[in-house]
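Let me begin by presenting the structure, written as structure tokens, before commenting on it.
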Amino acid sequence: MTKKLMAFGLIATVLLMFSLNAFSQEQEFKYVGAKKCKMCHSSKKSGEAYPIWEKSKHAQAYATLASDEAKTIGKKMGIDDPQKSDKCLKCHVTGFGKPAKIFEASFSIEEGVECEACHGPGSEYKSMKIMKEIYAGKVDGAKYGLVKPTKEVCVGCHNEESPTFKEFDFAAAAKVIAHPIPKE
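Residues -16 to 167 (this note's numbering) make up the sequence shown, in order.
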């Protein structure tokens, strides 16, 4: 009887582990918007990530679609309004095509290609406690939705599909938007 009880307990433990793992894998991280990042990532101590992004072309990606140049390019492609075209929005706004339920009220497409386009939806890793644990190496940021940007992330948009594509040099581009956290 004891062996059966132990076997039952082992099976129940394994099933519980599988169900908890499945639950954690189903978790949807939500987009919160760059202004949520700004709260902690504006100072020199934090690498001035927000001010660097704010001055970048990424921050202007959505607004650019309202320019005369974008409208001219759009017309050639049969697009009436680039700010409403899936062909343009897929690379000019963060999270394009994702379900509406994973965007918090603080998120705005007007922010263009913001922090979460490169680093993943921030709903879970945005807290100071979690960020400190990530930087200290106590937790894996991926568990909280944090993405480490790679060339593959960038070439999702910086590719020949773009009507304004120019050869993409990942190393050079990464230097332009770099915002490392200084060592203390």
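Heads up, the beta-carbon is just placed ideally off N, CA and C, and yes, glycines get one too. Only a predicted model underlies this, so the values are computations on that prediction, with no experimental measurement involved.
Outcome for S110 when other beta-carbon atoms lying within 10 angstroms are tallied against a minimum of 16: When all chains shown are included, S110 counts as exposed.
Short Cβ contact (7 Å threshold) for S91 with K19: Not a contact, by the Cβ cut-off of 7 Å.
Buried or exposed (CB count within 10 angstroms, at least 16 for buried), F86: When all chains shown are included, F86 counts as buried.
Buried versus exposed call for P82 [16 or more other C-beta atoms within 10 Å across all chains shown]: Burial call: exposed.
Bridge partner(s) assigned by DSSP for Y14: Y14 pairs with F86.
For C140, the three-state DSSP class (helix, strand or coil): It is coil, neither helix nor strand.
Reduced DSSP category for T147 - H, G, I as helix; E, B as strand; rest coil: T147 falls in the coil class under three-state DSSP.
V96 versus K67 - alpha carbon distance: Computed Cα separation, rounded: 15 Å.
Own chain, CB closer than 7 Å to P34, minus 5 neighbours either side, in chain order: Cβ within range, chain order: S25.
Reference Q43; option with closest CA among M114, K115, C74, T133: Cα-wise, what sits closest to Q43 is C74.
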